[in-house]
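Some notes on the structure that comes next.
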Ligand SMILES: Cc1cc2nc3c(=O)[nH]c(=O)nc-3n(C[C@H](O)[C@H](O)[C@H](O)COP(=O)(O)OP(=O)(O)OC[C@H]3O[C@@H](n4cnc5c(N)ncnc54)[C@H](O)[C@@H]3O)c2cc1C
């Protein structure tokens, strides 16, 4: 019998496989049952287990199989949308609270790595870089807003200062956050799973939820078993369909792609980014990159809303990477892979509850490494009767994508491409 495995990526090749967790069979009970063993589900599980609740996690494939084990690994404050949108929706005072909590999300990563001895190659510092003069204007306006309204001053590095750590003619300056950083996402997700298990959380892999029976005691069904619980948590992100259709309509799965070069050797890698920070530009179709612990360049970019991924994904990523780092013209992309992000229409987080015992967090909109930790904590608080923070997130209103699950992209052809994309890549 074959079991699901992670998609091939530099992450899966550089992380020892954890022993397969059992498949759910028969009838089980728990205080809380969670669908999805990504960062959201595992974070929720840890918070609840730390508080003494019994928790079961059901994962259709493997721990970290979804976005959490594939991401760019850039852990940044804030949410997928501009903070201004949150201010518009909630007012400045609540927007500031949500912003502060997002910083808590970044801090939680450091705390969890320390508390549970998770070695996930964490490195400090993140930079948003400017390519065009108008980006400088935008980034400086953002810096002002963060300082004046959110009490979060970032550093501005002009071109010369940036070149000292990243000798690259493409960039005109950078907005730098020493408190954000980057990590190996699959190692981190697996580290959270190990931590959860030491706290008594029961994780079942190869256990796809096919139905959630709602009621006073929700029941999750898989092909071979059931879990009855007091509280259900849906943390299936862009990969879950049909379990709570009212949630499916709010997000659209969008493919995004990353490549990893062949190892560059320490000296050559350090020449690219001397301080080992993570970098993202501020274009709509952004490039983002960082070094790996084994001295590769990990280079991400290219979202696919409506078209098939390029047939030659590796070649496309190599081309983009060489546009940024012409000095790597002799270097190949050894890996290329992709995954879905769960985009909400306004890119704001969609966290809340259905009735009084089904909780969910989705709509991370490509900005989930840190926010997922916070989402888990906020849902766990609400399950334990402290719903103040979840209430604040629930005040963010969301519109469904028009056209339902099949045709939520603007054109039929785009929707079809999505399915072809799924078949081709995942
Ligand atoms: C290529 C890529 C690059 C990214 N880069 C960044 C980045 O640099 N910085 C950043 O902040 N964010 C990034 N993100 C986004 C970030 O990875 C996600 O927001 C985050 O990992 C979401 O975590 P999650 O636990 O909610 O979802 P996931 O990790 O997707 O987990 C959901 C899990 O639910 C399981 N599941 C689904 N349906 C069922 C079912 N019916 N039964 C049981 N299990 C089910 C899936 O198998 C999956 O394992 C990136 C995402 C991708 C894909």
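Numbering (my numbering), first residue to last: 172 to 597.
C-beta: ideal position from N, C-alpha, C; glycine also.
Source: prediction; values computed, not measured.
#### Entry: 6 Å CB neighbourhood of residue 301 in its chain, flanking five on each side removed
307, 310, 343, 344
### Query
In terms of alpha-carbon separation, which member of 213, 533, 283, 181 lies closest to residue 250?
533
#### Entry: Under the three-state DSSP convention, the category residue 258 falls into
helix
### Query
Between the stretch 458–470 and the stretch 427–435, do at least 3 Cβ pairs fall closer than 8 Å?
yes
### Query
By how many angstroms is the C-alpha of residue 319 removed from the C-alpha of residue 531?
33 Å
### Task
Going by CA-CA distance only, name the one from 214, 230, 278 that's closest to residue 192.
230
### Query
Could you give the distance in angstroms between the alpha-carbon of residue 411 and the alpha-carbon of residue 203?
19 Å
#### Entry: Close-in-space but distant-in-sequence residues of the same chain around residue 197 (CB under 6 Å, 5 per side omitted)
396
### Task
Using the Cα positions of residue 330 and residue 493, report the straight-line distance between them to the nearest angstrom.
20 Å
### Span of the alpha helix (DSSP H), counted from its first residue to its last, around residue 214
210–221
### Message
As a quick exercise: from 507, 194, 213, 385, pick the residue whose alpha carbon is nearest that of residue 541.
### Response
213
### Message
Please report the straight-line C-alpha distance between residue 190 and residue 316, rounded to a whole angstrom.
### Response
47 Å
### Task
Mind reading off the beta-carbon distance from residue 377 to residue 286? Whole number of angstroms is fine, and I expect it under 8 Å.
Their Cβ separation, rounded to whole angstroms, is 29 Å, which puts residue 377 and residue 286 out of contact at 8 Å.
### Integer-rounded CB distance, given that residue 548 should sit under 8 Å from residue 218
5 Å
### Query
Nearest CA to the CA of residue 453: which residue from 183, 304, 288, 176?
304
### Task
Say whether the stretch 556–571 touches the stretch 380–389, bearing in mind that this needs 3 or more beta-carbon pairs closer than 8 Å, one atom from each stretch.
no
### Query
Across which residues does DSSP place residue 384 in a beta bridge pair?
390
### Query
Excluding the five sequence neighbours on either side, which residues of its own chain have a C-beta within less than 8 Å of the C-beta of residue 175, listed in chain order?
231, 232, 233, 236, 376, 377
#### Entry: Three or more C-beta pairs below 8 Å linking the stretch 505–512 and the stretch 237–249
yes
### Task
Going by CA-CA distance only, name the one from 489, 254, 444, 456 that's closest to residue 298.
444
### residue 200 - partner residues in DSSP beta bridges
399
### Query
Terminal residues of the continuous beta strand (DSSP E) containing residue 505?
504–515
### Message
Looking at ligand 1, does it come within less than 7 Å of residue 427, judged from the CB to the closest heavy atom?
### Response
yes
#### Entry: 8 Å contact criterion, which residue 364 and residue 207 should meet: CB distance rounded
So it is not a contact: roughly 12 Å between Cβ atoms.
### Task
Flag this pair as yes or no: are the beta carbons of residue 205 and residue 404 separated by less than 8 Å?
yes
### Query
Sorted by chain position, which residues of the same chain lie with C-beta nearer than 7 Å to residue 325's C-beta, five sequence neighbours on each side aside?
314, 317, 346, 347, 348
### Task
Verify the contact flag: residue 336, CB atom, against every heavy atom of ligand 1, threshold strictly below 7 Å.
no
### Top-ranked residue by Cα proximity to residue 200, from 373, 180, 244
373
### Task
Count the CB pairs spanning the stretch 280–294 and the stretch 353–363 that are closer than 8 Å, and state whether there are at least three.
yes
### Query
How big is the Cα-Cα spacing for residue 413 and residue 422?
13 Å
### Query
Are the stretch 260–267 and the stretch 522–530 touching by the rule of at least three beta carbon pairs closer than 8 Å?
no
### Task
Please indicate yes or no: does the CB of residue 245 lie closer than 7 Å to some heavy atom of ligand 1?
yes
### Task
Answer yes or no: do residue 484 and residue 507 have a C-beta to C-beta separation smaller than 8 Å?
yes
### Query
Considering only the beta carbon of each residue, do residue 438 and residue 462 sit closer than 8 Å?
no
### Message
Could you check whether the Cβ of residue 370 sits closer than 7 Å to any heavy atom belonging to ligand 3?
### Response
Looking at this structure, you won't find ligand 3 anywhere; what it does contain is ligand 1.
### Message
Shorter than 7 Å, the distance from the beta carbon of residue 236 to the closest heavy atom of ligand 1, or not?
### Response
yes
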